[in-house]
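In my numbering, the protein residues as written are -10 to 70. Ideal Cβ positions, reconstructed from N, Cα and C, are used throughout, including at glycine.
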């Protein structure tokens, strides 16, 4: 049986993190992450679809004070149906 008060496992680094994973890593609310991305103070990738994602290594570096904030728009090809 797992301890409900035990900290959650950190998100995996093998994919871009979404808001939930970024908030869990930073131990803050999703609202805090949304506010910081809107202000441009947290490094993120804004997909052309409007989704916000985070590069794990960049976010870790930012959390340690080594990376500047700001977002960039990534244009991804559309998937064929």
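### Query
Does the beta-carbon of residue 10 have 16 or more other beta-carbons within 10 angstroms, so that it is buried, or is it exposed?
Buried: at least 16 other Cβ atoms inside 10 Å.
### Endpoints, alpha helix (DSSP H) assigned at residue 48
It spans 45 to 52 - the alpha helix (DSSP H) in which residue 48 sits, taken as one unbroken run.
#### Entry: For residue 8, three-class secondary structure by DSSP
Residue state, collapsed to three classes: helix.
### Message
Suppose the cutoff is 8 Å on Cβ atoms and the five residues either side in sequence are ignored; what does the same chain contact list for residue 12 look like?
### Response
Here the set comprises 18, 19, 21 and 22.
### Run of the beta strand (DSSP E) containing residue 34, from where it starts to where it stops
Start and end: 33 to 36.
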